[in-house]
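Novice: For the sequence shown, our numbering gives the first residue as 63, with consecutive numbering after it.
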Amino acid sequence: MKIVTSLSDMHSLAASIRREGKTIGIVPTMGFLHEGHLSLVRRAREECDIVVVSIFVNPTQFGPNEDFGHYPRDTEGDRKKCESAGVNIIFMPTAEEMYPEKPTVFIMVEGLSDILEGAIRPGHFRGVATVVAKLFNIVNPHKAFFGQKDFQQCVVIKRMVKGLNMDVEVVVLPIVREKGGLAMSSRNSYLSADDRRAATVIYRALSAARDLFISGTKEPEKLKKKMRAVLFMEPGVGIDYVVVSDPETLEPLDTASSNIVLLVAARVGKTRLIDNLIIP
Ligand code: AMP
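Right under this line is the structure:
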């Protein structure tokens, strides 16, 4: 396994891999890797000759009062996990090389970037789309692997790839959960034992709405009411939003539809958590 930090080294390495006729899969991450990330790595391992995991805590996707400064990091742990998962290259650029000057060039995916997470985190998806485009340009992957955990991010990236005719196949993989149903996330490390238990209510709320839907209640208003009622049972959990949306456009639905995604963002103590469930 190679660890590459320089952009030009990564760029020429990718070019030589392509010259050999090999396929490249990228798994973009911010590190502090867990089973969710590793599920993406394993799929990339199956589908591509060379697996690149990028580890970069991207400053431009954090708001001024967010957790950029104390986002969890564990370079040595990440290295070991990547090595045993069969990663070929860890690409760990520095912020100085990624952004040598104050960035002035951005990618904006209009319509999708200012709703839901984007409404609460202004500029977040502009930062995400821009850094993913930069990683695609540097690593030149055939396929890129993302988790459904960040559902809106997946929709934004797919729209960017289509809109800019990027020659990358975006693969979205299911959410990996802890035993109690909590979606794995690097930010779960902020949770106390009590918070962690309280946070399992999010998956219970999503599951309750899914069960209601399956038993015939299709009206989005009733599904949202159910999710809110379950979330209210945990007094320490604050709701940022609860929506029933179209999985392709993320538009909130107010009439019943057969293909929906339930999305929840909630605060447990000081930690913001997001989760979702697709009902096909
Ligand atoms: P992050 O390091 O949080 O930026 O996540 C990197 C990638 O891993 C993103 O595509 C995430 O959606 C994905 N990911 C994070 N948590 C999970 C999870 N619990 N299950 C599946 N994928 C995940």
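Note that beta-carbon positions come from the ideal geometry of N, C-alpha and C, so glycine has one too.
Just confirm the distance between the C-beta atoms of Ile-219 and Ile-152, as a whole number of angstroms; I'd bet it's less than 8 Å.
Specialist: Position 157 of the sequence shown holds residue 219. Position 90 of the sequence shown holds residue 152. At roughly 21 Å, the Cβ-Cβ gap does not stay under 8 Å, so Ile-219 and Ile-152 are not in contact.
Novice: Near Ala-106, what residues of its chain come up, given a Cβ to Cβ distance below 6 Å and the 5 sequence neighbours on each side ignored?
Specialist: Indexing the sequence shown from 1 puts residue 106 at position 44. The answer, listed in chain order, is Gly-87, Val-89, Val-113, Phe-207.
Novice: Examine the ligand AMP and report whether any of its heavy atoms sits within less than 7 Å of the Cβ of Ala-245.
Specialist: By 1-based counting over the sequence shown, the position of residue 245 is 183. Yes, since a heavy atom of the ligand AMP falls inside the 7 Å radius drawn around the Cβ of Ala-245.
Novice: Rounding to the nearest angstrom, what Cα-Cα distance links Arg-290 and Gln-215 in this structure?
Specialist: On the sequence shown, residue 290 is found 228 positions in, with the first residue counted as 1. On the sequence shown, residue 215 is found 153 positions in, with the first residue counted as 1. So the alpha carbons of these two residues sit roughly 24 Å apart.
Novice: If you follow the alpha helix (DSSP H) that Val-218 is part of, which residue opens it and which one closes it?
Specialist: In the sequence shown, residue 218 corresponds to position 156, counting from 1. Looking at the DSSP string, the run of the alpha helix (DSSP H) that includes Val-218 is 213-225.
Novice: Please find out if some non-hydrogen atom of the ligand AMP comes closer than 7 Å to the beta-carbon of Thr-91.
Specialist: Reading the sequence shown from its first residue, position 29 is the one you call residue 91. Answer for Thr-91: yes, Cβ within range of the ligand AMP.
Novice: Quick check: the Cα distance between Thr-166 and Asn-120, rounded to an integer number of angstroms?
Specialist: Counted from its first residue, the sequence shown places residue 166 at position 104. Counted from its first residue, the sequence shown places residue 120 at position 58. Cα-Cα distance, rounded: 15 Å.
Novice: Do the CB positions of Met-170 and Arg-188 come within less than 8 Å of each other?
Specialist: Mapped onto the sequence shown, residue 170 falls at position 108. Mapped onto the sequence shown, residue 188 falls at position 126. Taking 8 Å as the Cβ cut-off, Met-170 and Arg-188 qualify as a contacting pair.
Novice: Tell me, to the nearest whole angstrom, how far the beta carbon of Pro-230 is from that of Phe-275; I am working on the premise that it is less than 8 Å.
Specialist: Within the sequence shown, numbered from 1, the residue matching residue 230 stands at position 168. Within the sequence shown, numbered from 1, the residue matching residue 275 stands at position 213. Before going further, note that residue 230 is Val rather than Pro in the sequence given. Their Cβ separation, rounded to whole angstroms, is 33 Å, which puts Val-230 and Phe-275 out of contact at 8 Å.
Novice: Starting from Pro-314, follow its DSSP beta bridges and name the residues at the other end.
Specialist: By 1-based counting over the sequence shown, the position of residue 314 is 252. The partner list for Pro-314 (beta bridge, DSSP) reads Ser-307.
Novice: Counting only beta-carbon atoms, is Ser-175 nearer than 8 Å to chain D?
Specialist: Among the chains in the structure shown there is no chain D, since it carries only a single protein chain.
Novice: Classify Lys-332 as buried or exposed, calling it buried when 16 or more other Cβ atoms lie within 10 Å of its own Cβ.
Specialist: Sequence index remark: in the sequence shown, residue 332 carries index 270 (1-based). Classification of Lys-332: exposed, given that the 10 Å Cβ count is below 16.
Novice: For Phe-94, does the count of other Cβ atoms within 10 angstroms reach 16, so buried, or fall short, so exposed?
Specialist: By one-based count along the sequence shown, residue 94 stands at place 32. That one is buried.
Novice: Output yes or no for whether 8 Å exceeds the beta carbon distance between Val-263 and Val-299.
Specialist: The count along the sequence shown starts at 1 and reaches residue 263 at position 201. The count along the sequence shown starts at 1 and reaches residue 299 at position 237. Closer than 8 Å, so yes.
Novice: Is it right to say Asn-127 is buried, meaning 16 or more other beta carbons lie within 10 angstroms of its own, or is it exposed?
Specialist: The count along the sequence shown starts at 1 and reaches residue 127 at position 65. Answer is exposed; the Cβ neighbour count stays below 16.
Novice: The beta strand (DSSP E) that contains Glu-231, what's its start and end?
Specialist: Indexing the sequence shown from 1 puts residue 231 at position 169. That run of the beta strand (DSSP E) goes 231-235.
Novice: Relative to the alpha-carbon of Ala-270, which residue among Lys-286, Leu-312, Val-190 has its alpha-carbon at the smallest distance?
Specialist: Counted from its first residue, the sequence shown places residue 270 at position 208. If we check each option's Cα against that of Ala-270, Lys-286 comes out closest.
Novice: So within the stretch 95-162, which uninterrupted beta strand (DSSP E) runs reach at least 3 residues, ignoring any that extend past its ends?
Specialist: 112-117, 151-153, all fully within the stretch 95-162.
Novice: Taking the alpha helix (DSSP H) that Asp-176 belongs to, which residues open and close that run?
Specialist: Within the sequence shown, residue 176 is the residue found at index 114, counting from 1. Looking at the DSSP string, Asp-176 is not in any alpha helix (DSSP H), and its letter there is neither H nor E.
Novice: Does the distance between the C-beta of Gly-365 and the nearest non-hydrogen atom of the ligand AMP fall short of 7 Å?
Specialist: Any property of residue 365 remains undetermined from this structure, which presents the chain solely from 63 to 342.
Novice: Comparing C-alpha positions only, which one of Glu-283, Arg-249, Met-228, Gln-210 sits nearest to Val-238?
Specialist: Translated into the one-based positions of the sequence shown, residue 238 becomes position 176. Per the Cα distances, Gln-210.
Novice: Give the C-beta separation of Cys-144 and Lys-205 to the nearest angstrom, bearing in mind that I take them to be a contact with Cβ-Cβ under 8 Å.
Specialist: On the sequence shown, position 82 is the one that residue 144 refers to. On the sequence shown, position 143 is the one that residue 205 refers to. Contact doesn't hold; Cβ gap of about 17 Å is too wide.
Novice: Let me know the secondary structure DSSP gives Phe-208 once reduced to three states.
Specialist: On the sequence shown, residue 208 is found 146 positions in, with the first residue counted as 1. Strand, per DSSP.
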